[in-house]
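Just so you know, the sequences run in chain order P and S. Note that my numbering has the first sequence beginning at 1, numbered continuously upward. Note that my numbering has the second sequence beginning at 1001, numbered continuously upward. Note that CB positions come from ideal geometry on N, CA and C, so glycine has one too. Only a predicted model underlies this, so the values are computations on that prediction, with no experimental measurement involved. Report on the structure given below.
Protein chains: 2
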Amino acid sequence: MRLNSREQFLRLDVEDPLASIREQFDLPPRLTYLDGNSLGAMPREARNRLSEAMSQWAHGLISSWNNAGWADAPIRVGDKIGRLLGARPSEVVLGDTTSVNLYKALNAALSLHRGGAILTDEQNFPTDLYIAEAVAKKWGVQLRRVPRNQLGEAIQHGVAVVTATHVDYRTGHMLDLRELTKAAHDAGALFVWDLCHSAGAVPLDLNGAEVDLAVGCTYKFLNGGPGAPAYIFAARRFHGDLNNPIPGWFGHDHPFDFDGGYRPAPDARRFLTGTPAILSVAALEAAIDLWLTIDIALVRSKSLVLADLLIDQVMRQCEGFGLELASPQEPATRGSQVSFRHPNAYGLVRALAEVGIVGDHRPPDIARFGLTPLYTRYVDMWDAAEQLSDVLRRRTYLEPRFEVRAGVP
Amino acid sequence: MRLNSREQFLRLDVEDPLASIREQFDLPPRLTYLDGNSLGAMPREARNRLSEAMSQWAHGLISSWNNAGWADAPIRVGDKIGRLLGARPSEVVLGDTTSVNLYKALNAALSLHRGGAILTDEQNFPTDLYIAEAVAKKWGVQLRRVPRNQLGEAIQHGVAVVTATHVDYRTGHMLDLRELTKAAHDAGALFVWDLCHSAGAVPLDLNGAEVDLAVGCTYKFLNGGPGAPAYIFAARRFHGDLNNPIPGWFGHDHPFDFDGGYRPAPDARRFLTGTPAILSVAALEAAIDLWLTIDIALVRSKSLVLADLLIDQVMRQCEGFGLELASPQEPATRGSQVSFRHPNAYGLVRALAEVGIVGDHRPPDIARFGLTPLYTRYVDMWDAAEQLSDVLRRRTYLEPRFEVRAGVP
């Protein structure tokens, strides 16, 4: 789609059925925030929920574990997230971090397939690689790292578990979840998906795709808050067979019996370990409740138009400045971000931030822009492209103050 | 110490150097809260910190990872907790749950001592037993469970790692941390301590006692909030040798390089795994900052007097009702709680709660009362004993509504 004036973008915003949702977020004025794929914006309701949780703590004290639903939160919120993933009740629980959950999932999967290798994308998110490597070493199996585009053909006999991030954090490249899950099954393997850049970004149907295990964070597209607890999905057909390598009391069938012997809960709850971080959960639940009012199909279609517009504007306005599209051109293989390569990607992102356009840098040369249709406006695409073009023309990204790197998750 | 009137207790409160600290907590009026060893009360400052963190999220967005100190929080708050434990900087980090940290510590310890058994207290907190069992199974080593009072003599050749909870959650019995650590070292073993009921309850000097590894929660005596992140201590002398079995990006030497290969941080930071739950950390840090203004010696001496008074009053006022002291008589082997055995302990605790005295039940027959001198008053001991005596006399604890059990962590 090609538009030629800021007014045309503004008109799209007026017609946008999701436009009113932005009001439910507390966003700084005059900021074009295109980093919701790193940290989602704050739903206004999160403040109320936190305040409520603080009162439950102060005034309900210990009784709030029962009376305020704290003890059930990992299951309740897990089920709500499950609805966004295309999972059934009791297939998703909330807790720990994505890394810890990936550790649990890989161990659980390997314990069903002794002897086979772990296969992964060599460009997978670093923590996923560290975890996969540790688990492979622990089980004495091989870790095979292949280029992302060769994952499908590498799923062969001898592979016990495949793990990959559905939508790549650098480029936004999206794998075919259904097809690769099927390929794994055909090879007698299980697939453990990392959905960090998928949930809230693209429609998901884990049950429809017969996904085995999946993990993901809640602080990106789901807007759960900085470091909000992660989730783990385990398909019902495995519930009796998958064991949590870190069996803790919250995964016990009856945690409050204080039983000296571990009896795992019958469903995905067995993947819980310790006590849930209730204050972080409270903010997250506000975000998930908002998500449950949203039609993800609308989100996806808006995301695709946003991406299309951003790519078109940038490619036109920034031609000749060494910027290269790093994201797939093909919408079907793209998540909800647009990335460009540039030798000075870091400086570009920093210089843009100074003029109110917040994107993100990923080493070595990626400048990425997250599209979060609940609060990203069409006009943001115009403004981002315009400022990017300005920064490139004026070469402000070369200023010395942009040389010192300050990393963010 | 024997007192005979409520006025005498009130006088102790007037003279208490810690009395003013109670004002810093948001507590319900007319409630005698003796369950701060399960969930600590809320410091008023926690509300401010949470509000601040929400603003950092809403308005600082992704930049708050650097600008608001989020990325360093596990180290910064870990170091602060370290000061309460008698640890040096970089020996304590904040993150995950106690169960997950115990899993990490036991694995790290065992990896230095291949082949030996894990020894533990058979009455250890259930989640600790589940974790110890899983780790023993994973390493193919024996898990020896012995009665708590035989732990010392069971530390023998062939034991690689001993793990126990310093202060027992049922009885408040406190082990000799220094002596048992030494016994472990003499036998060529490492000791992994669970300090859940110790930090903020009794003075600790981990370095002085040459402790190897320790873990603990922050939501009991430390008042960090429901399910606040836990901590892990690793003595500096092991920093180069101990490996995190769940190596994640936050434990990488340079997390934001997004390096495909794992290089552990040189110190206890290597025990971090995933992204910290910032909102929960914010409330916790308020609580820890309050703790850093407190003289733990005052806390301990007040705790001992509180216990002494409670035991004396209950033993006198409740004589002949089948109540038996489950906590040690000897103050030196008692943490900061007083527990009684009674066949109807659950009903007793429920009936007491209805008259505003909040204690806790632990199966099968323990009624426990946590003493948290930052906000527990001397007069609370009188009131608790008086109400307990009343409940026992009137046998209200036998009422049918107290039969349905509702568990709390």
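- Give the DSSP-derived three-state secondary structure of Phe-1258 (chain S) in the structure shown. coil
- Go to Ala-1378 (chain S), then tell me how far its beta strand (DSSP E) extends in each direction, as first and last residue. For clarity, residue 1378 (chain S) is Tyr in the given sequence; the question names Ala instead. Tyr-1378 (chain S) -> not in any beta strand (DSSP E); alpha helix (DSSP H) instead, spanning 1378-1394.
- Is there contact here, the stretch 1378-1393 of chain S with the stretch 1297-1314 of chain S, by at least three beta-carbon pairs under 8 Å? yes
- Message: Tell me the DSSP secondary structure of Ala-1071 (chain S) in three-state form.
- Response: coil
- Item | Pro-343 (chain P) to Val-202 (chain P) span [Cα, whole Å] | 30 Å
- The beta strand (DSSP E) with Ser-1339 (chain S) in it runs from where to where? 1337-1341
- Message: Please report whether the beta-carbon of Glu-1023 (chain S) lies at a distance below 8 Å from any beta-carbon of chain P.
- Response: Chain P, which has no Cβ nearer than 8 Å to the Cβ of Glu-1023 (chain S), makes this no.
- Item | Chain-ordered neighbours of Met-1054 (chain S) on chain P, where CB pairs are closer than 9 Å | Asp-26, Met-42, Ala-46, Arg-47, Leu-50, Gly-225, Ala-283
- In angstroms, rounded to a whole number, what distance separates the CA positions of Leu-143 (chain P) and Asn-124 (chain P)? 13 Å
- Message: When you compare the CB of Val-202 (chain P) with every CB in chain S, is at least one pair closer than 8 Å?
- Response: no
- Item | Three CB pairs or more closer than 8 Å across the stretch 1153-1162 of chain S and the stretch 1186-1195 of chain S | A contact is defined here as three or more CB-CB pairs under 8 Å, and the stretch 1153-1162 of chain S meets this definition with respect to the stretch 1186-1195 of chain S.
- Message: So that I know if they touch, is there some Cβ in chain S lying closer than 8 Å to that of Val-358 (chain P)?
- Response: Yes, Val-358 (chain P) lies at the interface with chain S (some Cβ there is under 8 Å from its Cβ).
- CB Thr-1275 (chain S) to CB Thr-97 (chain P), shorter than 8 Å? yes
- Query: When Cβ atoms are compared, which residues of the stretch 1066-1084 of chain S fall closer than 8 Å to chain C?
  - Reply: The structure shown contains no chain C; its protein chains are P and S.
- Trp-1291 (chain S): first and last residue of the uninterrupted alpha helix (DSSP H) it sits in: 1278-1291
- Query: Is there contact between the stretch 1280-1299 of chain S and the stretch 1222-1233 of chain S, where contact requires at least three CB pairs shorter than 8 Å?
  - Reply: yes
- Task: Let me know the beta strand (DSSP E) ranges lying completely inside the stretch 1198-1258 of chain S, each 3 residues or longer, listed in chain order.
- Result: 1213-1216, 1231-1234
- Message: Closer than 8 Å is the cut-off here; do at least three beta carbon pairs connect the stretch 80-90 of chain P with the stretch 1068-1088 of chain S?
- Response: no
- Message: Residues of chain P with CB closer than 9 Å to the CB of Leu-1039 (chain S), please, in chain order.
- Response: Trp-57, Leu-61, Ile-62, Ser-64, Trp-65
- Query: If we ignore side chains and look at the alpha-carbon of each, how far apart do Asp-1390 (chain S) and Ser-1339 (chain S) end up?
  - Reply: 18 Å
- Is the CB-CB distance between Pro-247 (chain P) and Ile-1131 (chain S) below 8 Å? yes
- Message: So within the stretch 1015-1077 of chain S, which uninterrupted alpha helix (DSSP H) runs reach at least 4 residues, ignoring any that extend past its ends?
- Response: 1044-1055, 1064-1067
- Endpoints, alpha helix (DSSP H) assigned at Asp-1312 (chain S): 1296-1317
- Message: I'd like to know whether the C-beta of Val-1215 (chain S) is nearer than 8 Å to at least one C-beta of chain P.
- Response: no
- Compute every distance between the C-beta of Asp-1380 (chain S) and the non-hydrogen atoms of the ligand COA, then say whether any falls below 7 Å. The model depicted lacks the ligand COA and carries no ligand whatsoever.
- Query: To the nearest whole angstrom, what separates the beta carbons of Leu-1094 (chain S) and Val-1215 (chain S), a pair I think is in contact under 8 Å?
  - Reply: Contact doesn't hold; Cβ gap of about 11 Å is too wide.
- Of all the CB atoms in chain P, is at least one closer than 8 Å to the CB of Tyr-1262 (chain S)? yes
- Enclosing alpha helix (DSSP H) for Val-349 (chain P) [first to last residue]: 345-354
- So, His-1197 (chain S) versus Gly-1359 (chain S), is the Cβ gap smaller than 8 Å? For His-1197 (chain S) and Gly-1359 (chain S), no; Cβs fall outside 8 Å.
- Item | Proximal residues of chain P, C-beta to C-beta of Asp-1035 (chain S) below 8 Å | Leu-61, Ile-62
- Item | Other residues of its chain near Asp-13 (chain P): CB distance less than 7 Å, five sequence neighbours each side excluded | Ala-19, Arg-377, Tyr-378, Val-379
- With 16 other CB atoms within 10 Å as the buried threshold, where does Ser-1038 (chain S) fall? Buried: at least 16 other Cβ atoms inside 10 Å.
- Is the stretch 21-36 of chain P in contact with the stretch 1045-1064 of chain S, if contact means three or more CB pairs nearer than 8 Å? yes
- Item | Cβ separation of Lys-1220 (chain S) and Gly-1040 (chain S), assumed to be a contact under 8 Å, to the nearest whole Å | 6 Å
- Message: Could you compute how far the alpha carbon of Pro-1373 (chain S) sits from the alpha carbon of Gly-1152 (chain S)?
- Response: 31 Å
- Task: For Ile-1311 (chain S), return the contacting residues in chain P, with the cut-off set at a CB-CB distance below 9 Å.
- Result: What Ile-1311 (chain S) touches in chain P: nothing, since even the nearest Cβ is about 22 Å away.
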